[in-house]
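Read through the structure below, which is laid out as structure tokens, and then see the notes.
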Amino acid sequence: MDLTVVAYVIYLLISVALTVWVARTLSRNGKIFLADVLKGNETLADAVNHLLVVGFYLVNLGFVTLYLKAAEAVSDARGLFEALSVKIGVVLLVLGVMHLGNVWVLNRIRRRGVMERELTPPVGPQGWTRQQPATGPWTPPATGPAGA
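Just so you know, my numbering puts the end of the sequence shown at 248, numbered straight through with nothing missing.
Spelled out as structure tokens, the structure:
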């Protein structure tokens, strides 16, 4: 069997296994994070988490398959390891960038939600306050027809 085909098989096995492992890790730990971002809405957090995982699989497995072709034929064991190290290293870098991108976007959403919660008063207005007569050097403008 040609060593290039062996390199393809090993590359696909390792890349797909790494993609599945990272996606499961992100899904399991991201669910808690999403629930916080979405203000405790578990159903919406599960749905968004599932959509993110599907997108993660599509992008990464698409990249893995596009990056499958070897530029040169593999002729010996040394070439096999060199080809695999380059290909798997690039896949790991892409997985890492995707992970950091997801975390960055979710953190921005989370920060926006925290800011909104801080701006919302803990108790709503209870009613109107009565305007007190002006005291001191400043008096409010008259509330009547102009010039009257």
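We treat Cβ as the ideally placed atom computed from N, Cα and C, and that holds for glycine. All figures in this text were calculated on a predicted structure; none of them were measured in a lab.
When you compare only the Cα positions, how much space is there between residue i and residue j?
i, j, result
"Y108", "A183", "9 angstroms"
"R80", "G179", "Nothing can be reported for residue 80, as the shown portion of the chain is limited to 101 through 248."
"A147", "I110", "34 angstroms"
"L195", "I188", "10 angstroms"
"A170", "L206", "36 angstroms"
"V106", "I132", "40 angstroms"
"R210", "I114", "33 angstroms"
Please state the DSSP three-state secondary structure of residue i.
i, result
"L193", "helix"
"T243", "coil"
"L168", "coil"
"G155", "helix"
"V205", "helix"
"V106", "helix"
"A173", "coil"
"G140", "coil"
"V186", "helix"
Output yes or no for whether 8 angstroms exceeds the beta carbon distance between residue i and residue j.
i, j, result
"L134", "V191", "no"
"M198", "N160", "yes"
"T125", "A173", "no"
"L152", "G130", "yes"
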